[in-house]
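Novice: Our numbering numbers the first residue of the sequence shown as 2 and each following residue consecutively. For glycine and all other residues, C-beta sits at the position ideal for the given N, C-alpha and C. These figures come from a predicted structure and were not determined experimentally.
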Amino acid sequence: MNCCTNGRHRKHVRFRYLVLERLLLLAFLGLVVLIAGCQPQAQQVTPPHSEPPHSEPAPAYSDDEILASVNSAIEDVLEEANLCYRETVLEIDPGVEDGTVALTGKTSDEQLKQSLFDAISQIPGITVSDCLTVLPAPELGDKTYGIVKQPVINLGEAPGRSEGSSTVTQARMGDIVRVLDQQDGWYLVQMQDNYLGWVSPASIALYDHDSLDTFWSGEVALITAKMTQALDSPDGRLLFARWLVQGSVLPVSSVDHGWIELSLPGGGSTFVEADSAMVFPDLDSVFVEQKTAADVIETAELYLGLPYLWGGCTAYGFDCSGFTQFCFKMNGYHLRRDADLQYEQGTPVKLIEELEPGDLVFFETYRPGPSHVGIYIGDYRYIHSGSSGGVAINSFNPSHSDYSASLHDKFLEGRRIIR
2 MNCCTNGRHR
12 KHVRFRYLVL
22 ERLLLLAFLG
32 LVVLIAGCQP
42 QAQQVTPPHS
52 EPPHSEPAPA
62 YSDDEILASV
72 NSAIEDVLEE
82 ANLCYRETVL
92 EIDPGVEDGT
102 VALTGKTSDE
112 QLKQSLFDAI
122 SQIPGITVSD
132 CLTVLPAPEL
142 GDKTYGIVKQ
152 PVINLGEAPG
162 RSEGSSTVTQ
172 ARMGDIVRVL
182 DQQDGWYLVQ
192 MQDNYLGWVS
202 PASIALYDHD
212 SLDTFWSGEV
222 ALITAKMTQA
232 LDSPDGRLLF
242 ARWLVQGSVL
252 PVSSVDHGWI
262 ELSLPGGGST
272 FVEADSAMVF
282 PDLDSVFVEQ
292 KTAADVIETA
302 ELYLGLPYLW
312 GGCTAYGFDC
322 SGFTQFCFKM
332 NGYHLRRDAD
342 LQYEQGTPVK
352 LIEELEPGDL
362 VFFETYRPGP
372 SHVGIYIGDY
382 RYIHSGSSGG
392 VAINSFNPSH
402 SDYSASLHDK
412 FLEGRRIIR
């Protein structure tokens, strides 16, 4: 092979490579254009030297500012709950240290405690420490129920103070109370109407949940007479200085020859005349049947002339709201303990002319708001337990001999409980 032939061959080889390279380059450029045409519009890119946007850190709150927010949250919860210190224990002392909120104290309401913690936990940047005890107090153990074991007992406003003006309410033999706390040898208890008061340990028998159920496991008797003797045997001797009063409920041990033997809280038994009581199949059957307004009025009129008793709610004497609560309870309606609390129940009746028998009537007497209550009996008359005349009937009609101008002027509103 000569040199010319070899040179021509090299030229042809280079040309083929050049052509191939150009074809590949054109193909690559076409592909790039095609791909670029199919891509979405590019987003604007932040230059490398720009700082990304960021939020400012939340400002730190002082302990005083946090405490103010905590107190405000507590006030909001209590206002919404519309609680009453006579029915709910709440002793709370919030403290704040280094952003940690400590809720110290005690309450009788588990749901209230949860509401308080939920509200306070909404405050940003804090930790909540739970030091709030839900009553009953742990040191009471399992025996956190009591049954009244005397014919009538007083509940007091403080340990050792349950007589006279310190009486907040009363309880009858057989009444069940929840024991919440203990102080200076006295128990803080809660009645079944939620009312709170202090009692002497000698006045109640303590039970745990199971023994309470056992005590009430059978038939029960409701005392229906205004009062009846509790004897150690049929025609025997009195067991107590006081008689049993209407509304007392006790378990039945036996019924024989005109006598009912009743089990006593804490042990033992007593006998009452059969015609002074009514037997029910179980405790849940008592105070359930809702009777008529005429029945409520009939119960009330049994006590005409009975002297007024501060804190009283038994046949030994009534205050105004203890009287209305008792008369309604005996006929299947459950009212709260005090006049202002009963005012929150039922349907409002604005005018005297619109009142119906059985309606509650409220008066604004010694302080603003409802402070006295009675039961309307018809014909412009009402029955009530007043501090001056005891259980009596008065009228809104000036032409009636029993008209009370003073109470007429102080009439506030009525409440309809019986529908």
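Would you mind sorting residue 99 into buried or exposed? The rule is 16 or more other CB atoms within 10 Å of its CB.
Specialist: Residue 99 sits at position 98 when you count from the first residue of the sequence shown. It counts as exposed.
Novice: Kindly give me the distance between the Cβ atoms of residue 129 and residue 107, rounded to whole angstroms, as I take these residues to be in contact under 8 Å.
Specialist: Residue numbering aside, residue 129 sits at position 128 when the sequence shown is read from its first letter. Residue numbering aside, residue 107 sits at position 106 when the sequence shown is read from its first letter. Actually they are not in contact, since the Cβ atoms of residue 129 and residue 107 sit about 17 Å apart, beyond 8 Å.
Novice: First and last residue of the alpha helix (DSSP H) that includes residue 111?
Specialist: The residue you call residue 111 lines up with position 110 of the sequence shown. Looking at the DSSP string, the run of the alpha helix (DSSP H) that includes residue 111 is 111-121.
Novice: What does the alpha-carbon distance come out to for the pair residue 403 and residue 320?
Specialist: Here residue 403 refers to the residue found at position 402 when the sequence shown is read from its first residue. Here residue 320 refers to the residue found at position 319 when the sequence shown is read from its first residue. Those two C-alpha atoms are separated by around 20 Å.
Novice: Helix, strand or coil: which one does DSSP assign to residue 411?
Specialist: Numbered from its first residue, the sequence shown carries residue 411 at position 410. Correct three-state label for residue 411: helix.
Novice: Kindly indicate which residue of 152, 244, 199 and 148 has the alpha-carbon position closest to the one of residue 209.
Specialist: Here the question's residue 209 lines up with position 208 in the sequence shown. Taking only the C-alpha atoms, the option nearest residue 209 is 148.
Novice: Along the beta strand (DSSP E) that carries residue 354, what are the first and last residues, could you check?
Specialist: Taking the sequence shown and counting its residues from 1, the one referred to as residue 354 is at position 353. It is not in any beta strand (DSSP E) - residue 354 carries neither H nor E in the DSSP assignment.
Novice: For the beta strand (DSSP E) that residue 284 lies in, which residues bound it at each end?
Specialist: As a position in the sequence shown, residue 284 is number 283, starting the count at 1. Run containing residue 284: none; DSSP gives neither H nor E here.
Novice: Where does residue 248 land, buried or exposed, given buried means 16+ other C-beta within 10 angstroms?
Specialist: Numbered from 1 along the sequence shown, position 247 holds the residue referred to as residue 248. Buried: at least 16 other Cβ atoms inside 10 Å.
Novice: Which residues in the same chain have their Cβ closer than 6 Å to the Cβ of residue 417, if we skip the five residues on either side of it in sequence?
Specialist: Locating residue 417 in the sequence shown gives position 416, counting from the first residue. Taken in chain order, the residues that qualify are 347, 348, 350 and 360.
Novice: Go ahead and label residue 239 buried or exposed: buried means 16 or more other beta carbons lie within 10 angstroms of its beta carbon, across all protein chains shown.
Specialist: Position 238 of the sequence shown, counted from the first residue, corresponds to residue 239. Its Cβ having fewer than 16 others within 10 Å, residue 239 is exposed.
Novice: Looking at residue 253: is its Cβ nearer than 7 Å to the Cβ of residue 280?
Specialist: Here residue 253 corresponds to residue number 252 of the sequence shown, with the count starting at 1. Here residue 280 corresponds to residue number 279 of the sequence shown, with the count starting at 1. Going by C-beta atoms, residue 253 is nearer than 7 Å to residue 280.
Novice: Determine the burial state of residue 22: buried for a count of at least 16 other Cβ atoms within 10 Å of its Cβ, exposed for fewer.
Specialist: Reading the sequence shown from its first residue, position 21 is the one you call residue 22. Residue confidence is low: residue 22 scores 43 on pLDDT, short of 50, so the model does not pin down where it sits. No coordinate-derived value is stated.
Novice: For residue 210, which beta-bridge partners are listed by DSSP?
Specialist: Position 209 of the sequence shown, counting from 1, holds the residue named residue 210. Paired residue(s): none; residue 210 is not in a bridge.
Novice: Apart from the five residues on each side of it in sequence, which residues of its chain come closer than 8 Å, Cβ to Cβ, to residue 390?
Specialist: Here residue 390 is taken as the residue at index 389 of the sequence shown, counted from 1. Around residue 390: 309.
Novice: Which one or two residues does DSSP pair with residue 184 in a beta bridge?
Specialist: Position 183 of the sequence shown, counting from 1, holds the residue named residue 184. Answer is 187.
Novice: Decide if residue 74 is buried, meaning its Cβ has at least 16 other Cβ atoms within 10 Å, or exposed.
Specialist: Your numbering for residue 74 matches position 73 in the sequence shown. Buried is the call here.
Novice: Using a Cβ-Cβ cutoff of less than 6 Å, which residues in the same chain neighbour residue 160 once the five nearest sequence positions on both sides are dropped?
Specialist: Numbered from 1 along the sequence shown, position 159 holds the residue referred to as residue 160. So the list reads 184, 185, 187 and 199, once near-sequence residues are dropped.
Novice: Since residue 348 is in the beta strand (DSSP E), which residue starts that stretch and which ends it?
Specialist: Here the question's residue 348 lines up with position 347 in the sequence shown. Note, residue 348: beta strand (DSSP E), 348-350.
Novice: Which complete alpha helix (DSSP H) runs does the segment 290-322 hold, if anything under 4 residues is left out?
Specialist: 294-302
Novice: Since residue 178 contacts residue 169 with CB under 8 Å, what's their CB separation in whole angstroms?
Specialist: On the sequence shown, residue 178 is found 177 positions in, with the first residue counted as 1. On the sequence shown, residue 169 is found 168 positions in, with the first residue counted as 1. About 13 Å separates the two Cβ atoms, so there is no contact after all.
Novice: Per DSSP, what kind of secondary structure is residue 330 in: helix, strand or coil?
Specialist: Taking the first residue of the sequence shown as 1, we reach residue 330 at position 329. Helix.
Novice: Look up residue 127 in the DSSP assignment and give the residues it is bridged to.
Specialist: The residue you call residue 127 lines up with position 126 of the sequence shown. Residue 127 pairs with nothing; no bridge assigned.
Novice: Taking the DSSP output, what are the residues bridged to residue 133?
Specialist: By 1-based counting over the sequence shown, the position of residue 133 is 132. Answer by DSSP bridge pairing, in chain order: 106.
Novice: In this structure, how does DSSP classify residue 343 when only helix, strand and coil are distinguished?
Specialist: Here residue 343 corresponds to residue number 342 of the sequence shown, with the count starting at 1. DSSP places residue 343 in helix when its eight states are reduced to three.
Novice: Apply the 10 Å Cβ neighbour rule to residue 325 and answer buried if 16 or more other Cβ atoms are within range, or exposed otherwise.
Specialist: Start at 1 with the first residue of the sequence shown, and residue 325 comes out as number 324. When all chains shown are included, residue 325 counts as buried.
Novice: If you draw a straight line from the C-alpha of residue 142 to the C-alpha of residue 193, how long is it?
Specialist: If you number the sequence shown from 1, residue 142 lands on position 141. If you number the sequence shown from 1, residue 193 lands on position 192. Roughly 21 Å between the two C-alpha positions.
Novice: What's the C-alpha gap between residue 379 and residue 132?
Specialist: The residue given as residue 379 occupies position 378 in the sequence shown. The residue given as residue 132 occupies position 131 in the sequence shown. The straight-line gap from Cα to Cα measures roughly 54 Å.
Novice: The alpha helix (DSSP H) that contains residue 154, what's its start and end?
Specialist: By 1-based counting over the sequence shown, the position of residue 154 is 153. First-last for residue 154: 153-157, but that is the beta strand (DSSP E), not the alpha helix (DSSP H).
Novice: Would you tell me roughly how many angstroms separate the C-alpha atoms of residue 116 and residue 212, rounded to the nearest one?
Specialist: As a first step, residue 116 is located in the sequence shown; it is residue number 115 there, counting from the start. As a first step, residue 212 is located in the sequence shown; it is residue number 211 there, counting from the start. Rounded to whole angstroms, residue 116 to residue 212 spans 33 Å at the Cα level.
Novice: Between the segment 295-308 and the segment 216-225, do three or more beta carbon pairs fall short of 8 Å?
Specialist: no
Novice: Measuring straight from C-alpha to C-alpha, what distance separates residue 266 and residue 251?
Specialist: Start at 1 with the first residue of the sequence shown, and residue 266 comes out as number 265. Start at 1 with the first residue of the sequence shown, and residue 251 comes out as number 250. Their Cα atoms are separated by approximately 8 Å.
Novice: Using 8 Å for Cβ pairs, my map puts residue 272 next to residue 232. What's the rounded Cβ distance?
Specialist: For this step, residue 272 is matched to residue 271 along the sequence shown. For this step, residue 232 is matched to residue 231 along the sequence shown. 5 Å between Cβ atoms; contact.
Novice: For a test of the three-state rule: what should DSSP assign to residue 384, helix, strand or coil?
Specialist: Position 383 of the sequence shown holds residue 384. Residue 384 falls in the strand class under three-state DSSP.
Novice: Which word fits residue 166, buried or exposed, when buried means at least 16 other C-beta atoms lie within 10 angstroms of its C-beta?
Specialist: Here residue 166 refers to the residue found at position 165 when the sequence shown is read from its first residue. It counts as exposed.
Novice: On the criterion of 16 or more Cβ atoms from any shown chain inside 10 Å, does residue 332 qualify as buried, or is it exposed?
Specialist: Within the sequence shown, numbered from 1, the residue matching residue 332 stands at position 331. Buried is the call here.
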